[in-house]
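Participant: I have a structure here, written as structure tokens, and I will follow up with some questions on it.
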Amino acid sequence: MSIEQMTKAREAAQNTSAYKNLLKFFDENSFSEIDGFAKSGKNYAEVVAGFGMVEGMPVYAFAQNRDVCGGAMSKAHAAKVKKIYDLALKTGAPVVGFYDSIGGKLREGNELLAGYGDVLKASGQLSGVVPQISVILGNCLGTGALTAANADFIIMNKKATLSLSTMGTEGTAEDNAKKGISALTAENNAEAIAKARELITYLPSNNLSSSAAAFEAAPAAAPKCPAEMVADENTLFELYANYGSQAIVSLGRVDGRVVGFVGTKGESVGYHAGDKIAKFVRFCDAFSIPVITFVNSEEFTSIKTASKVTSAYAEATTAKISVVTGTAVGALYIAMAGSGANTDVTFALPQAIISPVTPEAAAFIMAPEKMNVVPAKQKEAAMKFAQAELSAFKAAENGFVEDVITEDELRGKIAAALEMLEGKRVPTLAKKHSTI
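Here the sequence shown is numbered in the numbering used here, starting from 25 and rising by one per residue.
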């Protein structure tokens, strides 16, 4: 092929949707392509891959090219993607994959399966070492969906499809959001790419580095929840909003530092909410992102939920600060704010109630005479008892919370605790991993 022909071929490649998506993702004039001339049969490989900067952070990325054989997976396609993972492992930089493919080149047979296997293995080995994000812009079906799901976070265009079924069964963006598979849903490709750029700014390059600090900012002028009282204004970035509604998880900043926020709401924490909390805490711990937890619930709905959440907190060695904002009862208190969570600092607001059982049950057991009222008044009587005998101040007297603070003090106290815990180091037992 002559130089002129090669130049025309490169110009054609740079006009494809995949190449343009990578240009939108990376900072202006920072994208460098790798293996741009790699062939898959008579055509160029069905994926564009390379590296560049996102808000000044080095990032690797690949984008399946639907304009070349429908972006189908092939041996050459897999080799380019695997090279991205190999380079990320060597240099400690995040990997972002943009998915839009009709499937795989079935004529390649076992070579296709081997290619999928190489990519899955490389992605799995990088898990917990560098952040990985999958952005689903079109179809991502069958075995290809496994690779996408290996990432820490999935972002989907609302019109995209992600499913193990090659028919796309139950694979809409709405389906995946409700199942807790995708963390974010975008209106279109441009918004999906923008969300990926924004998410990257909260993450460290790898498990040995820290997230980039930002300039300090004031908290929200009119906060609607405890996290908004603590976080720098306009920095809360909620994830999995349509999954496990009894819990909220968000990335955010406090005095410029990146932290993970966990909050419970409602009387109970169900399976989906517990799964959401556990997954988020494990991610934050893998990359040493401090976790701030706001507890206001009475119970887990199942033993499995309780064990998953307890294990995630107990194993996490990152900085952990818990705040009891309302009622924290029994196993839920232990798992998320007490000794089971192995928290570094636990605060409580003045109205908080901390009890081994529900306030009503505690009143019946510990002060039955106070519950000798008509049934309609029993809940009120139980709360009066709890406020007197199960209050935050009683917990502080017994050393179960470090301090009782007001909402006005919340941000300052947490910021001070984060600063003190910045150099936290915890030795761990020699083992491969937990089995919970």
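We put the beta carbon where it would ideally sit given N, CA and C, even for glycine.
For Q87, collect the residues of the same chain with a Cβ closer than 6 Å to its Cβ; drop the 5 residues on either side in sequence, then sort them by chain order.
Facilitator: Position 63 of the sequence shown, counting from 1, holds the residue named residue 87. Reading the sequence as shown, one finds Ala at residue 87 and not Gln. So the list reads A42, N45, L46, V72, F122, once near-sequence residues are dropped.
Participant: Which one of T167, I160, V315 has the shortest CA to CA distance from V305?
Facilitator: Here residue 305 is taken as the residue at index 281 of the sequence shown, counted from 1. Out of T167, I160, V315, V315 has the C-alpha closest to the C-alpha of V305.
Participant: What did DSSP end up calling Q270 once you bin it into helix, strand or coil?
Facilitator: Along the sequence shown, one-based indexing puts residue 270 at 246. Coil, per DSSP.
Participant: Is A242 buried or exposed, if buried means 16 or more other CB atoms sit within 10 Å of its CB?
Facilitator: Taking the first residue of the sequence shown as 1, we reach residue 242 at position 218. By the 10 Å Cβ count, A242 comes out exposed.
Participant: Using the C-alpha atoms, what's the distance from K219 back to K63?
Facilitator: Here the question's residue 63 lines up with position 39 in the sequence shown. Here the question's residue 219 lines up with position 195 in the sequence shown. Roughly 32 Å between the two C-alpha positions.
Participant: Roughly how many angstroms lie between the CA atoms of E404 and S125, to the nearest whole one?
Facilitator: In the sequence shown, residue 404 corresponds to position 380, counting from 1. In the sequence shown, residue 125 corresponds to position 101, counting from 1. Those two C-alpha atoms are separated by around 60 Å.
Participant: Leaving aside the five residues before and after D176 along the sequence, list all residues of the same chain whose C-beta is less than 8 Å from its C-beta, in chain order.
Facilitator: Here residue 176 refers to the residue found at position 152 of the sequence shown. The residues are S151, P155, Q156, I157, F307.
Participant: When the Cα atoms are used, what is the spatial distance from L208 to S54?
Facilitator: Taking the sequence shown and counting its residues from 1, the one referred to as residue 208 is at position 184. Taking the sequence shown and counting its residues from 1, the one referred to as residue 54 is at position 30. Approximately 26 Å between the Cα atoms of the pair.
Participant: Using the DSSP secondary-structure output, state which residues sit across from L399 in a beta bridge.
Facilitator: For the purposes of this step, residue 399 is taken as the residue at position 375 of the sequence shown. Correcting the residue type first, residue 399 is Pro in the shown sequence and not Leu. Answer is none; P399 lacks a bridge partner.
Participant: Return the first residue and the last residue of the beta strand (DSSP E) that Y264 is part of.
Facilitator: For this step, residue 264 is matched to residue 240 along the sequence shown. No beta strand (DSSP E) contains Y264, which DSSP labels as neither H nor E.
Participant: If we ignore side chains and look at the alpha-carbon of each, how far apart do E465 and K99 end up?
Facilitator: Since the displayed the chain opens at 25 and closes at 460, residue 465 lies outside it and no answer follows.
Participant: When DSSP labels each residue in this structure, what does E323 get in the three-state scheme?
Facilitator: In the sequence shown, counting from the first residue as 1, residue 323 sits at position 299. Residue state, collapsed to three classes: strand.
Participant: By Cβ distance below 8 Å, which residues in the same chain neighbour A214 in space, the five residues on each side in sequence not counted?
Facilitator: Locating residue 214 in the sequence shown gives position 190, where the first residue counts as 1. These residues qualify, in order along the chain: K48.
Participant: At the level of alpha carbons, what is the spacing between I429 and P374?
Facilitator: Walking along the sequence shown from the start, residue 429 turns up at place 405. Walking along the sequence shown from the start, residue 374 turns up at place 350. Distance between the alpha carbons of I429 and P374 is about 7 Å.
Participant: Check G95 in the structure and name its three-state DSSP category.
Facilitator: By 1-based counting over the sequence shown, the position of residue 95 is 71. DSSP places G95 in helix when its eight states are reduced to three.
Participant: Identify whether P380 lies in helix, strand or coil by the three-state DSSP scheme.
Facilitator: Locating residue 380 in the sequence shown gives position 356, where the first residue counts as 1. Looking at P380 - three-state DSSP - the assignment turns out to be coil, as it is neither helix nor strand.
Participant: Looking at the secondary structure, which residues open and close the beta strand (DSSP E) in which L186 lies?
Facilitator: Within the sequence shown, numbered from 1, the residue matching residue 186 stands at position 162. Taken as a continuous stretch (DSSP letters only), the beta strand (DSSP E) holding L186 covers 185-187.
Participant: Measure the C-alpha to C-alpha separation of A236 and I313 and round it to an integer number of angstroms.
Facilitator: Indexing the sequence shown from 1 puts residue 236 at position 212. Indexing the sequence shown from 1 puts residue 313 at position 289. Roughly 11 Å between the two C-alpha positions.
Participant: Short of 6 Å in beta carbon distance, which residues of its chain neighbour K332, apart from the five on each side in sequence? Order them along the chain.
Facilitator: Counting from one through the sequence shown, the residue named residue 332 turns up at place 308. If we look at K332 and ignore the five residues flanking it on each side, its Cβ neighbours are G298, A302.
Participant: Whose CA, out of A343, L263, G423, lies closest to the CA of E446?
Facilitator: Taking the first residue of the sequence shown as 1, we reach residue 446 at position 422. Out of A343, L263, G423, A343 has the C-alpha closest to the C-alpha of E446.
Participant: Can you have a look at Q149 and say buried or exposed, based on whether 16 or more other CB atoms are within 10 angstroms of its CB?
Facilitator: Numbered from its first residue, the sequence shown carries residue 149 at position 125. So Q149 counts as exposed.
Participant: Is M81 closer than 8 Å to S229 when the C-beta atoms are compared?
Facilitator: Residue 229 sits at position 205 when you count from the first residue of the sequence shown. Residue 81 sits at position 57 when you count from the first residue of the sequence shown. Yes, the Cβ-Cβ distance between S229 and M81 is below 8 Å.
Participant: Classify V369: buried if its beta carbon has 16 or more other beta carbons within 10 angstroms, exposed otherwise.
Facilitator: Position 345 of the sequence shown, counting from 1, holds the residue named residue 369. Under this definition V369 is a buried residue.
Participant: Output yes or no for whether 8 Å exceeds the beta carbon distance between G127 and T185.
Facilitator: In the sequence shown, counting from the first residue as 1, residue 127 sits at position 103. In the sequence shown, counting from the first residue as 1, residue 185 sits at position 161. Taking 8 Å as the Cβ cut-off, G127 and T185 do not qualify as a contacting pair.
Participant: What residue ranges within the stretch 101-165 form continuous beta strand (DSSP E) runs of no fewer than 3 residues, ordered along the chain?
Facilitator: 119-123, 156-160, 163-165, all fully within the stretch 101-165.
Participant: Measuring straight from C-alpha to C-alpha, what distance separates E262 and L223?
Facilitator: Against the sequence shown, residue 262 aligns to sequence position 238. Against the sequence shown, residue 223 aligns to sequence position 199. Approximately 10 Å, taken between the alpha carbons.
Participant: By the DSSP assignment, the beta strand (DSSP E) with V286 in it spans what residues?
Facilitator: Start at 1 with the first residue of the sequence shown, and residue 286 comes out as number 262. 281-288 is the span of the beta strand (DSSP E), which, as asked, contains V286.
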